[in-house]
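Here is the structure we will look at.
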Amino acid sequence: MLSPMRLALVTQLLEWLQPLFVSFGYVIVSVAMFLESAAFTGILVPGDVILAIGGVYAGRGELWLPGVIACGSLAGILGATTGYLLGRRYGDSLLRRAPVLRRFQDRLDQAQASIAANAGKTIVVGRFVTGAAVFVPFVAGSSGVRTRTFLTYAIPTMIVWTTGLTLLGFFVGNHVETIDRILGRIGLAGLGLGVVLIGLWIWRQRRARTPSDPSDDSASRPT
């Protein structure tokens, strides 16, 4: 949950961006998600709230819902991959070159310990834990996690995360405090679980409606 001061800043930022959402909504969502998912810039950029606001405009019919989800997912994947590549290329040397980042050393150490224990689980869970998503891709790269392994877990996780946040804004409406309160209470993990359950329900409904193969019926008829 955002602190009162940051919530006020986010609200003011969104009030400034709202007139631009109609014309540049997809660009705003894409840039915010890229910066939110890239290494360390996500500390400052409220990409999750901006993505939810994109869902709000989709609910109003001013943006296309699948388009918002697609832009958020693609930009988020590119941002997380950038963070991963930065960690793979520079690792701890980046921290030494930017002393201001040393204040996050404890979080980096925690992420590194989790990656060492179970890389896949950390990549998935870290996306839904406030404050961890910023560091996990970078630490995964610096810890030597294979690119294929990282992308295998990061891509579907990002799609679930962006879908959940966009749908939250779509159904809740333009209420930043309400969105923040929901995220604070159920957590991003709960939101992601809800999206997965809804997806499974839709899949089962479509599968149940699929007609059986006519060849099976003819084979079962007596001759």
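In this note's numbering, the protein residues as written are 829 to 1051.
Every residue, glycine too, gets a C-beta built ideally from N, C-alpha and C.
For residue 864, I'd like the list of residues in its chain whose CB is within less than 6 Å of its CB, leaving aside the five on either flank, ordered along the chain. The count along the sequence shown starts at 1 and reaches residue 864 at position 36. Correct list, in chain order: 870, 873 and 875.
Residue ranges of each beta strand (DSSP E) within the stretch 877-963, 3 or longer: Listed in chain order, the beta strand (DSSP E) runs fully inside the stretch 877-963 amount to none, counting runs of at least 3 residues.
Rounded to whole angstroms, what is the Cα-Cα separation between residue 970 and residue 897? Within the sequence shown, the letter at position 142 stands for residue 970. Within the sequence shown, the letter at position 69 stands for residue 897. Between residue 970 and residue 897, the C-alpha separation is close to 29 Å.
From residue 853 to residue 991, what does the alpha carbon distance come to, in whole angstroms? In the sequence shown, the residue the question calls residue 853 occupies position 25. In the sequence shown, the residue the question calls residue 991 occupies position 163. Spanning the two alpha carbons is a distance of roughly 16 Å.
Could you tell me how far apart the beta carbons of residue 906 and residue 862 are, in whole angstroms, since I believe they sit closer than 8 Å? Your numbering for residue 906 matches position 78 in the sequence shown. Your numbering for residue 862 matches position 34 in the sequence shown. That belief holds up - the Cβ atoms of residue 906 and residue 862 are roughly 6 Å apart, short of 8 Å.
Considering only the alpha carbon of each residue, which of 976, 986, 949 and 966 lies closest to residue 867? Here residue 867 corresponds to residue number 39 of the sequence shown, with the count starting at 1. Checked all of 976, 986, 949 and 966; the closest Cα to residue 867 is 966.
Residue ranges of each alpha helix (DSSP H) within the stretch 963-990, 4 or longer: Within the stretch 963-990, the complete alpha helix (DSSP H) runs of at least 4 residues are 964-970.
Using a threshold of 8 Å, state whether the C-beta atoms of residue 904 and residue 994 are closer than that. Start at 1 with the first residue of the sequence shown, and residue 904 comes out as number 76. Start at 1 with the first residue of the sequence shown, and residue 994 comes out as number 166. No, the pair does not count as a contact, with Cβ atoms beyond the cut-off.
So, for residue 960: in the same chain, excluding its five sequence neighbours on each side, which residues have a beta-carbon less than 6 Å away from its beta-carbon? Start at 1 with the first residue of the sequence shown, and residue 960 comes out as number 132. So the qualifying residues of the chain are 954.
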